[in-house]
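Here the structure comes first, spelled out in structure tokens, and everything after it is commentary.
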Amino acid sequence: DEWFFAGHFPGRPTLPGVLMCEAIAQMGAIAVLADGRFAGKLPLFGGLDSARFRRQVGPGDTLELTVELGRMSARAGKGSGTAILNGQVACECELMFVLVDA
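In the numbering used here, each number is its position in the sequence shown, counted from 1, plus 453.
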């Protein structure tokens, strides 16, 4: 019954790829917040590269999200994330964060 399935795509409801990327970005922010090196910092979304959509995700499907933080500094960082559906990659992308004082 989610609003985004109604028009994407008519007759074949599919989770929009941008929402998978958003979920991965939010998981990345949680990873930054959980890392004690960045206490007192707030991660802001800085960008997305190399997004690839490999599987259709529909109503009732459950995604497993994984994120690995890459190069990080006191002001910014990068990471990569994956959304997995039934053991297979549905979406993968590279993330960029800007870190600001909380």
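Idealized CB from N, CA, C, for every residue including glycine.
This structure is a prediction, so every number in the text was calculated from the model and none was measured.
Continuous beta strand (DSSP E) stretch holding residue i: start and end
{"i": "E517", "result": "516-525"}
DSSP state of residue i mapped onto helix, strand, coil
{"i": "V542", "result": "strand"}
{"i": "E547", "result": "strand"}
{"i": "A529", "result": "strand"}
{"i": "A536", "result": "strand"}
{"i": "A482", "result": "helix"}
{"i": "F506", "result": "strand"}
{"i": "A459", "result": "coil"}
Enclosing alpha helix (DSSP H) for residue i [first to last residue]
{"i": "G493", "result": "Segment: none, G493 is in no alpha helix (DSSP H) and carries neither H nor E."}
{"i": "L468", "result": "Counting along the chain, L468 falls outside any alpha helix (DSSP H), and DSSP gives it neither H nor E."}
Residues bridged to residue i (per DSSP)
{"i": "G500", "result": "M549"}
{"i": "D554", "result": "K494"}
Short Cβ contact (8 Å threshold) for residue i with residue j
{"i": "V520", "j": "A484", "result": "yes"}
{"i": "L538", "j": "P496", "result": "no"}
{"i": "L522", "j": "I477", "result": "no"}
{"i": "G534", "j": "F506", "result": "no"}
{"i": "M473", "j": "V510", "result": "yes"}
{"i": "A555", "j": "G493", "result": "yes"}
{"i": "P463", "j": "P512", "result": "no"}
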